[in-house]
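Chains as they are written, first to last, in the numbering used here: chain G, 1 to 327; chain E, 328 to 654. We put the beta carbon where it would ideally sit given N, CA and C, even for glycine. Because the structure is a prediction, the values reported are computed rather than measured. To start, the structure itself, in C-alpha cells.
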DNA sequence: GCCCACTATGACAACGTTGTCCCCCAGCGG
DNA sequence: CCGCTGGGGGACAACGTTGTCATAGTGGGC
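Encoded structure:
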C-alpha cells in the first residue's frame, strides 16, 4: 500500500480510501491510484485490516474426525455452503478421533481468531474452550456432545435409530440380532449400543452380551467377529452395524458368503441401493447436520444469546431389503 | 497481552518473552505471567504475530471443485495430512466448476496471505494469479492444467487411461463402445474423450460421433442417452464413463435392466468391487494426487525455483468383470 | 572501590491497515 | 477583502505482536 501510494503520488490513506470505495476522492486521483494498484499487483492484506478494525476475521473453524469419510465431507460441504452465503471462509482439520489433536486444532483456530468453531468432539474434555467461549467465540458441537461444557449441540437420534433398526429386524422374525459398533468411548457408538439394547428389550428378544462386538474395528476384526457370530450354537441371523465404515467392512466380509445374515447399517451411503441385496440403513443427512450446526453458529454470531440449545435431528429407516425377509 | 502485562505487573515485552519461551526471564516472573495468562484466558493473536514478523501465515489455500465428491475429499485429506506435518492449516473452498467462484476463492485466499495455493481449475484463465505468483506465492494446479500461465501442475494420465479402457473392451470383442463424458470445456473430460477416440482408432473399431455423449450430465440425461445408445440400429455393447459421477448415474440407470452393456468407469469408487457385476474402473489415487501436489508446493516453499514442473500420475485399469466378457 | 560482564527487564518502533482529526484551498456571499 | 463552507487529501495513532536496543541492577575479578 505504501508502494502504491508512492507510485501514485498520494498518501496511503488515500489509497485506503480508494481500496475501500470511500467517498471523497477525486476521480482523477482514484484513477491514478487504481493504475498503480494494477501495476504493482497490490492486494490488501486482510489480516492487517481485520487486526486494525478489530472486526471479524471472516473465518469459521471446523474440526471433524476425517474429511475423507463421505459422511464428514458431506458435513463440510454444507458448512462451506452456508459460510459462503455469510461471507466466511472455512478452515478445517481432521482429528482422527484423537482428543489431543482435536484440542490442538481447536486452539489453533482460536489463535487465528475464527469467528466461530464447529467441532465434532473426539474427546470428552472441552473445558479448554471455556476461556474462548467466555470471550465470545461461539462454539457448536456436532454429531456428538461436548464432554464437560454446556454449549450448543446438534446430534442425530442415535438411540431412536438403532431401536428402529432392531425393531425392524425383529418384526421380520429375527431373534438373534448382533451389534457391531465403534469404540465404546465414542459417544455415538455408545448411544447406538444403548439403542440396540433398548430395541432388544422392547422386542422381547433380550439383550445378549455375546452378540455385541464394540470396536475399534478394522476389516479383519470384523471378519473374525462375523465368523464367531456365525459359528455360535445359536448363530446371529441379523446384524446391526454401528456406522458406515463398519457396514462396508461387513459387506466386504460377507461378499461371496452363501448364507448371509440380514444387515441394517447406521449411516446411509452411496450405492447402498444398488448392491445385491440392497442394504437397509438408518439414514440421516450429513448436510442437514452441517446446516443445522452452522445455522446455530450464525444465530449466535447474530447476537442470539438464549441458553445453549441441543438439537436432535431425526433419522429414518430406509428399508431396502438386505436379507430381513428370509430369516 | 496488555491486560496480562498489567495483571502480572510487567511490560508486554516480558509477556511476549514468556509466551514465546524466550530465555532471560526470571522463573518467578514467568510464573506470575503464566498465572495471569491462565486467569485471563489469554491466547496470542496469530494474525498480529504473523503481521509483525512478516513471516508465513501458516496457511495453505485449496480450491477444488466440490469437497462433497469423494474424489476431492480424498485429495483434501491428503493435502491436510501433509500440511499438518509441515505445520500449516488448510483453508478450502469449492468452486462448483464456476470459474468466477474459483477466482474469487483464490484471490480471497491470497488476501489472507496463504503461503501457497492448490487449485483444481474450473476455468481456463489464470492470469489473474500472475501478480501473486510474481510476488512469490507458489501455486500448484491439480488434476487440470492452468489455462494461460505456466505453473506447476499435477495431472493424471487421462488419455492413457481411456485408451486402456477402450483397448480392454475391444480385446473382449466389443466394437460398439460408447463414451459418456463430462462437459467438454472441462480439461479432464476433453482429454478422456481424446483418449477414447485414440483407443477406438488403435483398436481398429473407428470413431463414431453418435456413440459419444458429452455433458454436463445428470441422472436423467444419462438415462436418456443410454436409451438412445440401446435403441440404435447397431446398439452400443459397452460404455466408458468419464468420471465417478457419471459411472454412478449409469449404474442407477442400468439397475434392473436385463441386457446390460459392459462398463468401464474413470475414477475408482468405494464398493465398486461389491456391486454385481463388479465395476471395472480406471483407478487413480486421490491421495496420491493430493500428496504429489502438496509436496511440489512445499518444495517451492523450501526454495526450489527450478522451472515449473508437470507431473503426470499413472492410472491403472482394475478389471473387475463388469460385463466385458459376454459381449 | 572500580570496571566489566551478565541477567532481567522495559521503551519504542514497526508490520499493513483504517479511524480520527486536521489542514489546505477554491468558491462564494457579504 | 473577509469569513465561511465544503471537498479533497494528509498526519498520526492504534490494532496486537515482536525485534532492537537501552538500562538498571548484581556479582565477580582486580
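Item to check | Three-state secondary structure (DSSP) of residue 593/E | outcome: strand
Quiz item: Name the chain E residues whose beta carbon is nearer than 7 Å to that of residue 68/G?
Solution: 400, 401 and 404
Give a yes or no on contact between the segment 354-363 of chain E and the segment 329-341 of chain E, applying the rule of three or more CB pairs nearer than 8 Å.
yes
- Message: Measuring straight from C-alpha to C-alpha, what distance separates residue 258/G and residue 182/G?
- Response: 26 Å
What does a CB cutoff of less than 7 Å around residue 223/G pick up in its chain, not counting 5 residues either side in sequence? 253
Ignore the nearest five residues each way along the sequence and tell me which others in residue 98/G's own chain have a CB closer than 7 Å to its CB.
-> 122
Worksheet entry | Buried versus exposed call for residue 227/G [16 or more other C-beta atoms within 10 Å across all chains shown] | exposed
**Prompt:** Roughly how many whole angstroms lie between the Cα atoms of residue 73/G and residue 352/E?
**Reply:** 46 Å
Quiz prompt | Under the three-state DSSP convention, the category residue 468/E falls into | solution = strand
- Task: Below 8 Å between beta carbons is the criterion; list the residues of the segment 416-427 of chain E that meet it against any residue of chain G, in chain order.
- Result: 416, 417, 418, 419, 420 and 421
Subject >> Euclidean distance between Cα positions of residue 654/E and residue 575/E >> reply: Unreliable placement is indicated for residue 654/E, whose pLDDT of 41 sits below 50; no coordinate value is reported for it.
Should residue 207/G go down as buried or exposed, given a rule of 16 or more other Cβ atoms within 10 Å for buried? exposed
Worksheet entry | Separation of residue 159/G from residue 188/G, as counted between CA atoms | 9 Å
| said: On the DSSP bridge list, what partners appear for residue 541/E? | reply: 508/E
Integer-rounded CB distance, given that residue 444/E should sit under 8 Å from residue 620/E
The Cβ separation is near 10 Å, so there is no contact.
| said: Can you look up residue 38/G in the DSSP assignment and give me helix, strand or coil? | reply: helix
**Request:** Would you identify the three-state DSSP class for residue 333/E, choosing helix, strand or coil?
**Result:** helix
Close Cβ partners of residue 647/E (< 8 Å) along its chain, the five nearest in sequence each way excluded: 599, 600, 604, 605, 606, 607 and 608
For residue 40/G, which residues from the same chain have a beta carbon less than 8 Å from its beta carbon, with the 5 sequence-adjacent residues on both sides left out?
3, 4 and 7
Identify, in the order they occur along the chain, each residue of the same chain with its Cβ nearer than 7 Å to the Cβ of residue 126/G, setting aside the five sequence neighbours on each side. 146, 147, 148 and 149
Q.
What would DSSP say about residue 55/G, mapped onto helix, strand or coil?
A. coil
* Asked: Under the rule that 16 or more other beta-carbon atoms within 10 Å means buried, what is residue 423/E, buried or exposed?
  -> exposed
Inset, instruction - Measuring only between beta-carbons, confirm whether residue 326/G sits less than 7 Å from chain E. - result: The pLDDT assigned to residue 326/G is 49, lower than 50, so where the model puts this residue is not dependable, and the model offers no usable value.
Run through chain G and tell me which residues come within less than 9 Å of residue 602/E, C-beta to C-beta. 271, 274, 275 and 276
Checklist entry - What does residue 46/G reach in chain E if we use C-beta pairs closer than 7 Å? => result 438 and 439
Note to self: So the candidates are 392/E, 623/E and 589/E; which of them puts its Cα closest to the Cα of residue 503/E?
What the structure shows: 589/E
Which of the three DSSP states, helix, strand or coil, is assigned to residue 228/G? helix
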